[in-house]
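Residue numbering for the sequence shown follows our numbering, beginning at 449 and increasing consecutively.
Here the structure comes first, spelled out in structure tokens, and everything after it is commentary.
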Amino acid sequence: MQQQISNKTQAQRKKLIYIAHPIKGNIEENLAKIRKIVKSIYSSPKYATVVPLVPYYLDVLLLNDEIPEQRQRGLNNGLALLAKNSQINELWLCGDVISDGMKAEVFAAFESKIKVCAFNGLFNELKQLEEEWEKRLD
């Protein structure tokens, strides 16, 4: 019984983090970068409470990014996870640029009041998206 309570408490402390990363272009290279990011999260004690979510990873493997309908389906799958009442705690922007798909993910996170964090020098781009979002609300 005590072990069950402990497991439940540990699970409640976990943070669900949506990892946003560009895919288009060199897809295999970008998937490798995503694997490296997730591996570093798993191997760092600093991120022991983080559950990284990369919902589009499987979509990229099974859907054709060059077919607009399939690309949109994959994007919509991720956006559904970021919709209101989501259990996702944060969205982390990773990579060298914020792609159009990532921009849609950021706006979905803003809409759902999910905290967005930028990595790898994407702070200025995130600030621009925050300003663009604020203008939409006016």
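Quick reminder that beta carbons are idealized off the backbone N, C-alpha and C, glycines included.
With respect to residue 532, residue 499 sits apart: the two C-beta atoms are not nearer than 9 Å.
Look at the beta carbons and you see the segment 555-569 touching the segment 523-537: at least three pairs across the two are nearer than 8 Å. Classified as buried, residue 466 has 16 or more neighbouring CB atoms from the shown chains inside 10 Å of its CB. In summary, residue 493 is exposed, with fewer than 16 beta-carbon neighbours lying within 10 Å of its beta-carbon over all protein chains present. Remark: C-beta atoms of residue 562 and residue 508 do not approach each other more closely than 9 Å. For the pair residue 487 and residue 503, the Cα-to-Cα distance works out to about 16 Å. Annotated three-state conformation of residue 471 is coil, per DSSP. Comparing alpha carbon positions, the residue from 478, 578, 515 closest to residue 553 is 578. Ranked by Cα distance from residue 576, the first of 551, 567, 586 is 551.
By the criterion of a C-beta distance shorter than 7 Å, residue 574 is surrounded in its chain by 541, 564, 566, once the five residues flanking it on both sides are discounted. Under DSSP, residue 564 forms a beta bridge with 539. Relative to the Cα of residue 485, the nearest Cα in the group 549, 501, 515, 472 belongs to 501. In the DSSP annotation of this structure, the continuous segment of the beta strand (DSSP E) that includes residue 501 starts and ends at 498-501.
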